[in-house]
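Going left to right, the sequence shown walks through residues 602 to 901 as full-length UniProt numbering numbers them. Every residue gets a Cβ at the ideal spot worked out from N, C-alpha and C, and that includes glycine.
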Amino acid sequence: ATPTAVMVATGKGASQGVLIKGGSALEKAHKVKIVVFDKTGTLTVGKPVVVNTMVFSDMPIQEFCEIAAAAEVNSEHPIAKAVVLHAKKLHQQYGLNSEHITEAEDFEVHPGSGVSGKVGDKMVFVGNKRLMAARNILLGTEVEDYMLESEQLARTCVLVAVDGRVAGALAVTDPVKPEAEQVISFLKSMNITSIMVTGDNWATATAIAKEVGIVKVFAETDPLGKADKIKELQLKGLAVAMVGDGINDSPALVAADVGMAIGAGTDVAIEAADIVLIKSNLEDVITAIDLSRKTLARIR
Ligand code: ADP
Ligand code: MG
Numbered sequence: 602a603t604p605t606a607v608m609v610a611t612g613k614g615a616s617q618g619v620l621i622k623g624g625s626a627l628e629k630a631h632k633v634k635i636v637v638f639d640k641t642g643t644l645t646v647g648k649p650v651v652v653n654t655m656v657f658s659d660m661p662i663q664e665f666c667e668i669a670a671a672a673e674v675n676s677e678h679p680i681a682k683a684v685v686l687h688a689k690k691l692h693q694q695y696g697l698n699s700e701h702i703t704e705a706e707d708f709e710v711h712p713g714s715g716v717s718g719k720v721g722d723k724m725v726f727v728g729n730k731r732l733m734a735a736r737n738i739l740l741g742t743e744v745e746d747y748m749l750e751s752e753q754l755a756r757t758c759v760l761v762a763v764d765g766r767v768a769g770a771l772a773v774t775d776p777v778k779p780e781a782e783q784v785i786s787f788l789k790s791m792n793i794t795s796i797m798v799t800g801d802n803w804a805t806a807t808a809i810a811k812e813v814g815i816v817k818v819f820a821e822t823d824p825l826g827k828a829d830k831i832k833e834l835q836l837k838g839l840a841v842a843m844v845g846d847g848i849n850d851s852p853a854l855v856a857a858d859v860g861m862a863i864g865a866g867t868d869v870a871i872e873a874a875d876i877v878l879i880k881s882n883l884e885d886v887i888t889a890i891d892l893s894r895k896t897l898a899r900i901r
């Protein structure tokens, strides 16, 4: 496209809340045949809520939730926010007027699997079974049964290990965005295949994919694994777009022919992307591709 055509399209995009960072993204977007969507915060609202808590030890539930929240309080992850909010709600329920959550020391993020830190003299890991496996923390049948039960209900099970043992778990639900299903079906009508890639477990991922009409799912992938999936799809010679919101999506956003970040997402994702969907509305994936198709059609 001519510099003028790019400028006009970029301006038009901006006025519709689609921020296109440069001409090359605009020129590539019309070729897109596959759109890979992250799950949490992209297909889903990204505001998970704790709907169930299970303590597997004799620890009082409030102490359990406090410890989990202390490990999560400095995490940007939407699940972390849900865990912290839940602990604060328990504070209220127990009539405590303080909303203060103690911060864990030596806080560490394990992208795509959870967080860890020291709460008092306790070593705490909060995350999925991959995080536990990496630390050789055994689950046991009681924990596994609870996980299975949660996942079949499309919930994500957050495990909390204290000093090497799973002390309890929190089940969180994150509803899908109201426009998600329509966008997937509209993309299909444009001959574009939608795929889901997520760090979340297979059972939850499959349940969510079904809700929005996505058939192909890659679950339990870490951030670099997400980028590898993009590269695999590109091997077929098809142009691939990636839509994501998290730090964990940034390698995939960079690897994709067109990286699209959700406006409400993390700064790292926004920086890694070629296009930013300011309104965080999935319909703008179509707006972006459409704008590119029209711009390139005009100059031909
Ligand atoms: P997604 O790909 O769906 O956006 P992530 O890659 O961010 O998800 O995380 C993958 C999984 O790792 C989550 O579903 C959750 O089980 C676990 N996880 C990641 N970060 C956290 C956290 N801060 N607290 C608890 N669990 C987490
Ligand atoms: Mg995400």
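Thinking C-alpha only, which one of 841, 851, 810, 807 is nearest residue 825? Ranking the options by Cα distance to residue 825, first place goes to 851.
Per DSSP, which one or two residues make a beta bridge with residue 706? According to DSSP, residue 706 bridges with 719.
Should residue 757 and residue 604 be called a contact, given that it needs their Cβ atoms to be closer than 9 Å? Not in contact: residue 757 and residue 604 (Cβ atoms no closer than 9 Å).
Beta-carbon proximity check, residue 876 vs residue 862, cutoff 9 Å: Taking 9 Å as the Cβ cut-off, residue 876 and residue 862 qualify as a contacting pair.
Got a sec? Which residues, its chain only, sit under 6 Å from residue 683 by beta carbon, not counting five neighbours each side? Hits under 6 Å: 649, 650, 651, 773.
Indicate whether the contact test is met: 3 or more Cβ pairs, each with one atom in the segment 758–766 and one in the segment 723–731, closer than 8 Å. Yes: at least three Cβ pairs fall under 8 Å.
CB residue 800 to CB residue 823, shorter than 9 Å? Yes, these two residues count as a Cβ contact at 9 Å.
Counting only runs of 3+ residues fully inside the segment 720–774, write out the beta strand (DSSP E) ranges in chain order. Fully enclosed beta strand (DSSP E) runs of no fewer than 3 residues occupy 723–728, 757–763, 766–774 of the segment 720–774, in order along the chain.
For the alpha helix (DSSP H) containing residue 879, list its first residue and its last residue. From DSSP, residue 879 is part of no alpha helix (DSSP H); its letter is neither H nor E.
Could you tell me the alpha carbon to alpha carbon distance between residue 879 and residue 868, rounded to whole angstroms? Taking the straight line joining both Cα atoms gives about 12 Å.
Let me have the residue list for the ligand MG: C-beta closer than 5 Å to any non-hydrogen atom, ordered along the chain. Having a Cβ closer than 5 Å to some heavy atom of the ligand MG are 639, 641, 642, 846, 847.
Buried/exposed call for residue 805, threshold 16 Cβ in 10 Å: Around the C-beta of residue 805, 16 or more other C-beta atoms lie within 10 Å, and the residue is accordingly described as buried.
So what does residue 653 bridge to, in DSSP terms? Paired residue(s): 772.
C-alpha gap between residue 882 and residue 658, whole angstroms: Their backbone Cα atoms lie some 42 Å apart in a straight line.
Taking only heavy atoms of the ligand ADP into account, decide whether any of them is closer than 8 Å to the Cβ of residue 868. Not a single heavy atom of the ligand ADP lies less than 8 Å from the C-beta of residue 868.
With distances taken between CB atoms, is the gap from residue 634 to residue 839 smaller than 9 Å? Result yes, Cβ atoms of residue 634 and residue 839 sit closer than 9 Å.
Straight-line Cα distance separating residue 671 from residue 717: Taking the straight line joining both Cα atoms gives about 10 Å.
Between which residues of its own chain and residue 901 is the CB-CB distance below 8 Å, once the five residues before and five after are set aside? Low confidence applies to residue 901: its pLDDT is 49, below 50, so where it sits in the model is not reliable enough to give any reading.
Determine the contact status of residue 610 and residue 892, defining contact as a CB-CB distance below 9 Å. Yes.
Just to check my reading of the structure: residue 606 and residue 888 have Cβ atoms closer than 8 Å, yes? What is that Cβ distance to the nearest angstrom? Wrong, their Cβ atoms sit about 17 Å apart, outside the cutoff.
State the DSSP-derived secondary structure class of residue 826, mapped to helix, strand or coil. Note: residue 826 maps to helix in three-state DSSP.
Residue 851 in three-state terms, based on DSSP: In the displayed model, residue 851 falls within a helix according to three-state DSSP.
I'd like to confirm the pairing. Which residues does DSSP put opposite residue 840 in its beta bridges? Looking at the DSSP output, residue 840 sits in a beta bridge with 633.
Mind checking whether residue 796 and residue 638 have CB atoms under 9 Å apart? For residue 796 and residue 638, yes; Cβs fall inside 9 Å.
Are the beta-carbon atoms belonging to residue 886 and residue 842 less than 9 Å from one another? Their beta carbons are under 9 Å apart, which means residue 886 touches residue 842 by this criterion.
One or two residues paired with residue 787 in a DSSP bridge: For residue 787, which the question treats as bridged, DSSP gives no partner whatsoever.
Between which residues of its own chain and residue 653 is the CB-CB distance below 8 Å, once the five residues before and five after are set aside? Non-local beta-carbon contacts of residue 653 in its own chain, meaning distances under 8 Å to residues more than five positions away in sequence, involve 751, 756, 771, 772 in chain order.
Please return the same chain residues whose Cβ sits closer than 7 Å to the Cβ of residue 754, not counting the five positions on each side in sequence. Sequence-distant Cβ neighbours of residue 754 in its own chain, meaning closer than 7 Å and more than five residues away, do not exist here.
Could you check whether the Cβ of residue 827 sits closer than 8 Å to any heavy atom belonging to the ligand ADP? Checking the Cβ of residue 827 against the ligand ADP gives yes.
Quick one: using the 10 Å Cβ neighbour count with 16 as the cut-off for buried, is residue 811 buried or exposed? Residue 811 is exposed by the Cβ-count criterion.
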